[in-house]
Amino acid sequence: SEVSSVEYTFYRAPQPVTARFNSGGTRVDIVWDQDTNRAGMTSSDTSCIQLFEDVSKLGSGSACVWSSDKEVSIFLNQGPSLVPGNTLVVNATKNLRSANGVSQPSTSTLTVLVPEVLIQPQVILDAPPLFDLCSSFTAAASLVYPSPRQVTWSWRALNDDTLDPVLRIVSVDNFYSGPGTPEFATLDKTYQIGVTATDFLGSQSEEAILTVFKKGRPSPNIQFSPASPYTVFKDQ
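So the sequence shown is numbered by this note's numbering: it starts at 4 and just counts up by one.
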(Lines of atoms letter the chains of each structure in order from A; the text may use other names.)
(Lines give C-alpha, C1' and ligand atoms only; values in the text may rest on other atoms or scores of the structure.)
Protein backbone atom coordinates (compact mmCIF):
# COMPACT_ATOMS: atom_id res chain seq x y z
CA SER A 4 0.00 0.00 0.00
CA GLU A 5 1.05 3.57 -0.52
CA VAL A 6 1.00 6.26 2.17
CA SER A 7 0.24 9.79 1.16
CA SER A 8 0.50 12.94 3.27
CA VAL A 9 -0.52 16.52 2.92
CA GLU A 10 1.10 19.45 4.68
CA TYR A 11 -1.02 22.42 5.58
CA THR A 12 -0.68 25.53 7.68
CA PHE A 13 -3.29 26.22 10.32
CA TYR A 14 -4.17 29.83 10.98
CA ARG A 15 -5.80 30.41 14.32
CA ALA A 16 -8.42 33.13 14.73
CA PRO A 17 -7.00 36.32 16.26
CA GLN A 18 -6.99 36.42 20.06
CA PRO A 19 -6.60 39.52 22.24
CA VAL A 20 -3.36 39.94 24.19
CA THR A 21 -4.46 42.98 26.17
CA ALA A 22 -7.34 45.44 26.26
CA ARG A 23 -6.41 48.29 28.55
CA PHE A 24 -7.56 51.81 29.43
CA ASN A 25 -5.09 54.62 28.88
CA SER A 26 -4.13 56.67 31.95
CA GLY A 27 -6.76 59.33 31.29
CA GLY A 28 -9.59 56.82 30.87
CA THR A 29 -10.56 58.24 27.49
CA ARG A 30 -9.35 55.35 25.34
CA VAL A 31 -9.04 51.55 25.37
CA ASP A 32 -6.03 50.12 23.54
CA ILE A 33 -6.33 46.54 22.24
CA VAL A 34 -3.41 44.39 21.05
CA TRP A 35 -3.99 41.12 19.15
CA ASP A 36 -1.70 38.10 19.05
CA GLN A 37 -1.14 38.39 15.29
CA ASP A 38 -1.65 40.64 12.31
CA THR A 39 -5.32 40.75 11.34
CA ASN A 40 -7.43 41.75 8.36
CA ARG A 41 -8.83 44.60 10.53
CA ALA A 42 -12.29 43.09 9.93
CA GLY A 43 -12.20 44.81 6.57
CA MET A 44 -12.29 48.24 8.20
CA THR A 45 -10.66 51.18 6.45
CA SER A 46 -9.32 54.43 7.86
CA SER A 47 -12.69 56.07 7.20
CA ASP A 48 -14.70 53.21 8.71
CA THR A 49 -14.39 53.65 12.49
CA SER A 50 -17.74 52.34 13.73
CA CYS A 51 -17.12 50.01 16.67
CA ILE A 52 -20.16 47.91 15.70
CA GLN A 53 -17.86 46.57 12.98
CA LEU A 54 -15.91 44.78 15.72
CA PHE A 55 -18.10 44.15 18.76
CA GLU A 56 -21.51 42.64 19.40
CA ASP A 57 -22.60 45.20 22.00
CA VAL A 58 -21.24 48.73 21.97
CA SER A 59 -23.76 50.28 24.37
CA LYS A 60 -21.16 50.73 27.13
CA LEU A 61 -18.96 52.73 24.78
CA GLY A 62 -21.42 55.63 24.74
CA SER A 63 -22.32 57.71 21.73
CA GLY A 64 -19.78 58.84 19.19
CA SER A 65 -17.15 56.24 20.05
CA ALA A 66 -14.63 55.30 17.35
CA CYS A 67 -12.49 52.22 16.73
CA VAL A 68 -9.29 53.21 14.95
CA TRP A 69 -6.59 50.78 13.79
CA SER A 70 -3.00 51.98 14.22
CA SER A 71 -1.58 48.74 12.79
CA ASP A 72 -2.82 45.28 11.80
CA LYS A 73 -2.33 44.17 15.43
CA GLU A 74 -3.52 47.24 17.34
CA VAL A 75 -6.86 49.00 17.53
CA SER A 76 -7.97 51.74 19.92
CA ILE A 77 -11.47 52.55 21.11
CA PHE A 78 -11.87 56.30 21.52
CA LEU A 79 -14.66 56.96 24.00
CA ASN A 80 -16.79 60.05 23.56
CA GLN A 81 -20.11 60.95 25.21
CA GLY A 82 -21.69 59.01 28.05
CA PRO A 83 -19.56 55.86 28.20
CA SER A 84 -20.20 53.43 31.06
CA LEU A 85 -17.34 51.02 30.36
CA VAL A 86 -15.19 50.38 33.44
CA PRO A 87 -12.29 48.05 34.24
CA GLY A 88 -13.47 44.44 34.49
CA ASN A 89 -16.18 44.83 31.85
CA THR A 90 -16.01 42.62 28.77
CA LEU A 91 -16.41 43.17 25.04
CA VAL A 92 -17.30 40.31 22.69
CA VAL A 93 -15.97 40.27 19.13
CA ASN A 94 -18.77 40.04 16.56
CA ALA A 95 -18.14 36.83 14.58
CA THR A 96 -20.29 38.02 11.68
CA LYS A 97 -17.89 40.90 11.00
CA ASN A 98 -15.07 38.50 10.08
CA LEU A 99 -12.07 39.61 12.08
CA ARG A 100 -9.57 37.06 10.74
CA SER A 101 -5.86 36.54 10.27
CA ALA A 102 -4.17 39.01 7.93
CA ASN A 103 -4.47 36.60 4.98
CA GLY A 104 -8.16 36.01 5.70
CA VAL A 105 -7.72 32.23 6.02
CA SER A 106 -8.49 31.77 9.72
CA GLN A 107 -11.92 31.36 11.21
CA PRO A 108 -13.49 34.62 12.38
CA SER A 109 -12.59 35.66 15.90
CA THR A 110 -15.25 35.13 18.56
CA SER A 111 -13.07 36.14 21.47
CA THR A 112 -14.07 38.01 24.61
CA LEU A 113 -11.92 40.89 25.85
CA THR A 114 -11.72 41.90 29.52
CA VAL A 115 -10.86 45.58 29.87
CA LEU A 116 -8.00 46.23 32.31
CA VAL A 117 -6.95 49.23 34.37
CA PRO A 118 -4.21 51.47 32.97
CA GLU A 119 -0.61 50.43 33.47
CA VAL A 120 -0.08 53.81 35.13
CA LEU A 121 -2.94 55.17 37.24
CA ILE A 122 -3.14 58.93 37.73
CA GLN A 123 -4.05 59.68 41.34
CA PRO A 124 -6.83 62.27 41.75
CA GLN A 125 -5.97 65.40 43.74
CA VAL A 126 -8.70 66.95 45.89
CA ILE A 127 -9.28 70.65 46.58
CA LEU A 128 -11.57 71.70 49.45
CA ASP A 129 -13.37 75.02 49.75
CA ALA A 130 -15.14 76.11 52.96
CA PRO A 131 -15.17 79.04 55.40
CA PRO A 132 -12.47 78.62 58.07
CA LEU A 133 -14.89 79.59 60.84
CA PHE A 134 -18.62 79.99 61.43
CA ASP A 135 -20.81 80.79 64.41
CA LEU A 136 -23.68 79.02 66.14
CA CYS A 137 -26.27 80.87 64.03
CA SER A 138 -24.73 80.37 60.61
CA SER A 139 -25.09 77.65 58.01
CA PHE A 140 -22.05 75.85 56.64
CA THR A 141 -21.10 74.57 53.19
CA ALA A 142 -18.00 72.63 52.17
CA ALA A 143 -17.28 71.84 48.51
CA ALA A 144 -14.77 69.39 47.03
CA SER A 145 -13.34 69.35 43.52
CA LEU A 146 -10.43 67.83 41.60
CA VAL A 147 -7.34 69.66 40.40
CA TYR A 148 -7.77 67.84 37.08
CA PRO A 149 -11.48 67.12 36.49
CA SER A 150 -12.38 63.51 35.71
CA PRO A 151 -14.17 62.74 32.41
CA ARG A 152 -16.46 60.40 34.36
CA GLN A 153 -18.30 60.22 37.67
CA VAL A 154 -16.24 60.40 40.87
CA THR A 155 -17.13 58.71 44.17
CA TRP A 156 -16.60 60.94 47.21
CA SER A 157 -15.98 59.83 50.80
CA TRP A 158 -16.26 62.16 53.79
CA ARG A 159 -15.47 61.71 57.47
CA ALA A 160 -14.83 63.66 60.68
CA LEU A 161 -11.45 62.93 62.19
CA ASN A 162 -12.13 64.27 65.69
CA ASP A 163 -15.88 64.28 66.35
CA ASP A 164 -18.11 61.26 66.95
CA THR A 165 -21.33 63.20 66.33
CA LEU A 166 -20.33 64.68 62.99
CA ASP A 167 -18.57 61.56 61.69
CA PRO A 168 -21.62 59.33 60.96
CA VAL A 169 -23.33 62.27 59.24
CA LEU A 170 -20.40 62.81 56.91
CA ARG A 171 -19.87 59.12 56.15
CA ILE A 172 -23.17 58.89 54.28
CA VAL A 173 -22.21 61.77 51.96
CA SER A 174 -21.21 60.51 48.51
CA VAL A 175 -21.34 63.75 46.51
CA ASP A 176 -18.87 66.61 46.19
CA ASN A 177 -20.43 68.91 48.79
CA PHE A 178 -21.77 68.97 52.34
CA TYR A 179 -24.31 71.45 53.70
CA SER A 180 -25.37 72.07 57.30
CA GLY A 181 -28.32 74.39 57.81
CA PRO A 182 -28.62 77.41 60.13
CA GLY A 183 -27.38 76.54 63.57
CA THR A 184 -25.23 73.72 62.14
CA PRO A 185 -26.62 71.08 64.54
CA GLU A 186 -24.25 68.43 63.16
CA PHE A 187 -21.43 70.45 64.75
CA ALA A 188 -22.66 69.91 68.28
CA THR A 189 -19.73 71.29 70.28
CA LEU A 190 -19.14 75.04 70.41
CA ASP A 191 -15.75 76.72 70.30
CA LYS A 192 -14.22 73.64 68.73
CA THR A 193 -11.91 73.04 65.79
CA TYR A 194 -13.28 70.31 63.53
CA GLN A 195 -11.18 68.26 61.12
CA ILE A 196 -12.94 66.91 58.02
CA GLY A 197 -11.30 64.41 55.67
CA VAL A 198 -12.32 63.91 52.04
CA THR A 199 -11.13 61.37 49.45
CA ALA A 200 -12.12 60.88 45.81
CA THR A 201 -12.13 57.63 43.81
CA ASP A 202 -12.43 57.82 40.04
CA PHE A 203 -14.07 55.24 37.75
CA LEU A 204 -10.71 53.56 37.14
CA GLY A 205 -10.44 52.78 40.85
CA SER A 206 -7.68 55.28 41.59
CA GLN A 207 -8.11 56.93 45.00
CA SER A 208 -6.77 60.30 46.09
CA GLU A 209 -4.86 61.04 49.22
CA GLU A 210 -7.15 62.31 51.95
CA ALA A 211 -7.55 66.09 51.92
CA ILE A 212 -8.03 67.61 55.37
CA LEU A 213 -10.25 70.61 56.06
CA THR A 214 -9.97 72.44 59.40
CA VAL A 215 -12.88 74.65 60.49
CA PHE A 216 -13.83 76.32 63.77
CA LYS A 217 -17.33 76.75 65.21
CA LYS A 218 -17.61 79.83 67.43
CA GLY A 219 -19.73 79.78 70.57
CA ARG A 220 -20.96 83.34 70.06
CA PRO A 221 -22.74 84.86 67.08
CA SER A 222 -20.78 87.22 64.86
CA PRO A 223 -21.66 90.92 65.23
CA ASN A 224 -24.48 92.08 62.96
CA ILE A 225 -23.80 95.67 61.93
CA GLN A 226 -26.73 97.81 60.78
CA PHE A 227 -26.67 101.38 59.50
CA SER A 228 -29.25 104.00 60.44
CA PRO A 229 -30.80 105.40 58.43
CA ALA A 230 -30.84 102.38 56.16
CA SER A 231 -31.53 104.48 53.04
CA PRO A 232 -28.65 106.27 51.27
CA TYR A 233 -27.63 109.49 53.03
CA THR A 234 -25.54 112.20 51.35
CA VAL A 235 -23.30 114.60 53.29
CA PHE A 236 -22.14 117.78 51.58
CA LYS A 237 -18.83 119.39 52.45
CA ASP A 238 -20.47 122.67 53.63
CA GLN A 239 -22.82 120.96 56.08
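Glycine residues also receive a C-beta, built at the ideal position from the N, C-alpha and C atoms.
- Query: Among V154, G104, P185, G197, which one has its Cα closest to the Cα of L204?
  - Reply: Taking the sequence shown and counting its residues from 1, one reaches residue 204 at position 201. V154 is the residue among V154, G104, P185, G197 whose C-alpha sits nearest the C-alpha of L204.
- Item | Selected residue, minimal CA-CA separation from S63, among M44, E56, P83 | The residue you call residue 63 lines up with position 60 of the sequence shown. Each of M44, E56, P83 was checked against the Cα of S63, and the nearest Cα belongs to P83.
- Task: Would you be able to state if there are at least three C-beta pairs under 8 Å between the stretch 127-135 and the stretch 215-222?
- Result: yes
- Message: Starting from D32, trace the beta strand (DSSP E) in both directions and tell me its first and last residue.
- Response: The sequence position of residue 32 within the sequence shown is 29, counting from 1. Per DSSP, D32 belongs to the beta strand (DSSP E) from 30-35.
- Query: Cα-Cα, which of L146, P149, N177, V147 is closest to W158?
  - Reply: If you number the sequence shown from 1, residue 158 lands on position 155. Here the closest residue by C-alpha is N177.
- Message: Using beta carbons (cut-off 9 Å, strictly below), is L128 in contact with chain D?
- Response: This model lacks chain D altogether; it includes just one protein chain.
- Kindly indicate which three-state DSSP category G197 falls into: helix, strand or coil? Residue mapping note: residue 197 aligns to position 194 of the sequence shown, counting from 1. Strand at G197.
- Item | V147 vs I127 beta-carbon contact at 9 Å | Along the sequence shown, one-based indexing puts residue 147 at 144. Along the sequence shown, one-based indexing puts residue 127 at 124. It is a contact, given that the beta carbons lie within the stated cut-off.
- Task: Consult DSSP for Q53 and reduce its assignment to one of helix, strand or coil.
- Result: Position 50 of the sequence shown, counted from the start, is the residue given in the question as residue 53. Under the three-state reduction of DSSP, Q53 is assigned to helix.
- Counting only the same chain and skipping the five closest in sequence on each side, list residues whose C-beta sits under 6 Å from that of A95. As a working mapping, residue 95 is identified with position 92 in the sequence shown. These residues qualify, in order along the chain: P108, T110.
- Minimum C-alpha distance to Q53 - residue among K60, K97, N89, W35: On the sequence shown, residue 53 is found 50 positions in, with the first residue counted as 1. Looking at the Cα atoms, K97 is the closest of the given residues.
- Query: Looking at the structure shown, is R220 part of a helix, part of a strand, or coil, going by DSSP?
  - Reply: Residue numbering aside, residue 220 sits at position 217 when the sequence shown is read from its first letter. Looking at R220 - three-state DSSP - the assignment turns out to be coil, as it is neither helix nor strand.
- Message: Tell me the DSSP secondary structure of S59 in three-state form.
- Response: Taking the sequence shown and counting its residues from 1, one reaches residue 59 at position 56. Here S59 sits in helix by DSSP.
- Query: If you compare alpha carbons, which of N162, Q125, V34, S47 is closest to A144?
  - Reply: For the purposes of this step, residue 144 is taken as residue 141 along the sequence shown, with counting starting at 1. Residue Q125 is the option with its Cα nearest to A144.
- Take the Cβ of R41 as the centre, count every other Cβ of all protein chains shown within 10 Å, and call the residue buried at 16 or more, exposed below. Taking the sequence shown and counting its residues from 1, one reaches residue 41 at position 38. Per the 10 Å Cβ criterion, buried.
- What do you reckon, are the CB atoms on S26 and E119 nearer than 9 Å? Here residue 26 refers to the residue found at position 23 when the sequence shown is read from its first residue. Here residue 119 refers to the residue found at position 116 when the sequence shown is read from its first residue. Cβ atoms of S26 and E119: closer than 9 Å.
- Message: Shorter than 8 Å, the distance from the beta carbon of S145 to the closest heavy atom of the ligand MG, or not?
- Response: No copy of the ligand MG occurs in the structure displayed, which carries no ligand at all.
- Item | For L161, the residue or residues it bridges with in DSSP | Indexing the sequence shown from 1 puts residue 161 at position 158. L161 is not bridged to any residue.
- DSSP state of D167 mapped onto helix, strand, coil: Taking the first residue of the sequence shown as position 1, residue 167 is located at position 164. D167: helix per DSSP, three-state reduction.
- Using the C-alpha atoms, what's the distance from P168 back to L61? In the sequence shown, residue 61 corresponds to position 58, counting from 1. In the sequence shown, residue 168 corresponds to position 165, counting from 1. Just so you know, the alpha carbons of L61 and P168 end up roughly 37 Å apart.
- Message: Taking the beta carbon of A142 as the centre, do at least 16 other beta carbons fall within 10 Å, making it buried, or is it exposed?
- Response: Your numbering for residue 142 matches position 139 in the sequence shown. Its Cβ being crowded by 16 or more others within 10 Å, A142 is buried.
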